[in-house]
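Q:
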Amino acid sequence: MQHQSAVALAPTKVAERQVVHRNRASGHGPIARLMSPSDLGHYLKPFVFLDRVDADASIARGVNIHPHSGIATVTVLTEGNLHFDKGDWGNGVLDYGGVEWMQAGRGIWHGDEFTPGSSPRFSGFQLWVALPAALELGPAEWQFVPSRDTPAVGPARVILGTYQGCRSPARSFDGLNYLLVTLAPGAEWTYETPAGHEVGWLAVSHGALIADEPFLGGDMIAFDKSAAPIPLRAGTEGATFVLGSAVPHPHDLVLGYYSVHTSQQALDTGEKRIEEIRPSGARK
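Under the numbering used here, the letters of the sequence shown match residues 1 to 284, in that order.
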């Protein structure tokens, strides 16, 4: 009987998403810009705009009414809380794990829906998402989902979309995921990219993620367009971050001052509607 000699096999390296862009929050003061439709938004569409906010709660007392069309705005907090109130659209406390989704559709004015909550300060992110052509001129709406109603998958809260069989109650369009994640110090976690979600990015609120170079609070990371997983490990202080993935938006971005559409005709329609519903006293 012949005996086959054992052959040592080298471990197979699993493909991972590669970092193709790293952006540090720009600007001074409570609001720092991480992405705009005119820069990284073209690569990460339907995600087109991202601000990181770290502010005294009194900032929410200032009413800044302004319009949008063609997009949805998504507000999540990583620390502190605010009070949300849009009458028939809903009200309650927005804190860690909750979400406000404002779908502008063909045109809306907003900016007065938040007031200070019980915390002296708050931190979080506001995201703009370009709407699909079928929704960009649809009716406007708000959705408010309190933290108790957002499902958890391990350390992740499913803010939008569906992940590992858990679906957010927020009525966003298909092919879009947005997670809020907190990792304990040294903890490891892998985002298993859903099929077709070739767009992927994350932004760190506080703490650090360990990579070839640490990803720190205020950093935004864009990944290559693939379906590979995203393995992550927290530093010694842990890490809180948001992560987005999506099926790529198939249209060019046609930009207005507060609007993003799929065509010039759609933008013209949205801007016309904005003028038609302009509130009394709102600035042009």
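Glycine included, C-beta positions come from ideal geometry on N, C-alpha and C.
Report buried or exposed for T193, applying the criterion of at least 16 other Cβ atoms within 10 angstroms of its Cβ.
A: Here residue 193 refers to the residue found at position 193 of the sequence shown. T193 is buried by the Cβ-count criterion.
Q: Give me the residue from A170, V153 and S172 with the minimum Cα distance to Y163.
A: In the sequence shown, residue 163 corresponds to position 163, counting from 1. Comparing Cα-Cα distances from Y163 to each of A170, V153 and S172, the minimum goes to V153.
Q: Would you check if there are 3 or more beta carbon pairs closer than 8 Å linking the region 16-24 to the region 203-219?
A: In short, these stretches touch, since the Cβ pair count reaches three.
Q: Use the C-beta contact count for S280: other C-beta atoms within 10 angstroms, 16 or more gives buried, fewer gives exposed.
A: Mapped onto the sequence shown, residue 280 falls at position 280. Counting Cβ neighbours within 10 Å, S280 comes out exposed, since fewer than 16 surround it.
Q: Quick one: is A10 buried, meaning 16 or more other Cβ sit within 10 Å of its Cβ, or exposed?
A: Residue numbering aside, residue 10 sits at position 10 when the sequence shown is read from its first letter. Confidence at A10 is low in this model, with a pLDDT of 39, below 50, so the placement of that residue should be treated as unreliable; the coordinate-derived value is given next. Per the 10 Å Cβ criterion, exposed.
Q: Going along the chain, which unbroken runs of the alpha helix (DSSP H) with 4 or more residues stay wholly within the region 105-186?
A: Listed in chain order, there is nothing to give.
Q: Work out the CA separation of A203 and F241 for me, nearest whole Å.
A: Position 241 of the sequence shown, counted from the first residue, corresponds to residue 241. Position 203 of the sequence shown, counted from the first residue, corresponds to residue 203. For F241 and A203, the distance between alpha carbons rounds to 6 Å.
Q: Measure the CB-CB distance between F125 and V53 and report whether it falls below 8 Å.
A: As a working note, residue 125 is residue 125 in the sequence shown. As a working note, residue 53 is residue 53 in the sequence shown. Result yes, Cβ atoms of F125 and V53 sit closer than 8 Å.
Q: Looking only at C-alpha atoms, which of T236, P139, K45 and V247 sits nearest to I210?
A: By 1-based counting over the sequence shown, the position of residue 210 is 210. Checked all of T236, P139, K45 and V247; the closest Cα to I210 is T236.
Q: Going by Cα to Cα distance, which pick from E188, P229 and G80 is closest to P324?
A: Examination of residue 324 is not possible in this model, given that the chain is present from 1 through 284 alone.
Q: Taking a contact to mean a Cβ-Cβ separation below 8 Å, would you say V260 touches I71 in this structure?
A: Here the question's residue 260 lines up with position 260 in the sequence shown. Here the question's residue 71 lines up with position 71 in the sequence shown. Yes, the pair counts as a contact, with Cβ atoms nearer than the cut-off.
Q: Considering only their Cβ atoms, is the gap separating R17 from D224 smaller than 8 Å?
A: Start at 1 with the first residue of the sequence shown, and residue 224 comes out as number 224. Start at 1 with the first residue of the sequence shown, and residue 17 comes out as number 17. Contact: yes.
Q: Indicate whether S168 and L160 have their beta-carbon atoms separated by less than 8 Å.
A: Position 168 of the sequence shown, counted from the first residue, corresponds to residue 168. Position 160 of the sequence shown, counted from the first residue, corresponds to residue 160. Yes.
Q: Are the Cβ atoms of F84 and F49 separated by less than 8 Å?
A: For the purposes of this step, residue 84 is identified with residue 84 of the sequence shown, where counting begins at 1. For the purposes of this step, residue 49 is identified with residue 49 of the sequence shown, where counting begins at 1. The answer is no: Cβ separation not under 8 Å.
Q: With a CB to CB cut of under 6 Å and the five nearest residues on each side skipped, what residues in its chain are close to G256?
A: By 1-based counting over the sequence shown, the position of residue 256 is 256. If we look at G256 and ignore the five residues flanking it on each side, its Cβ neighbours are L267 and E271.
Q: Rank G244, P229, F144 and A184 by C-alpha distance to the C-alpha of G207 and give the top, closest one.
A: Your numbering for residue 207 matches position 207 in the sequence shown. Of the listed residues, the one whose Cα sits closest to G207 is A184.
Q: Exposed or buried, A170, counting other C-beta atoms within 10 Å across all chains shown (16 or more means buried)?
A: The residue labelled residue 170 in the question sits at position 170 within the sequence shown. By the 10 Å Cβ count, A170 comes out buried.
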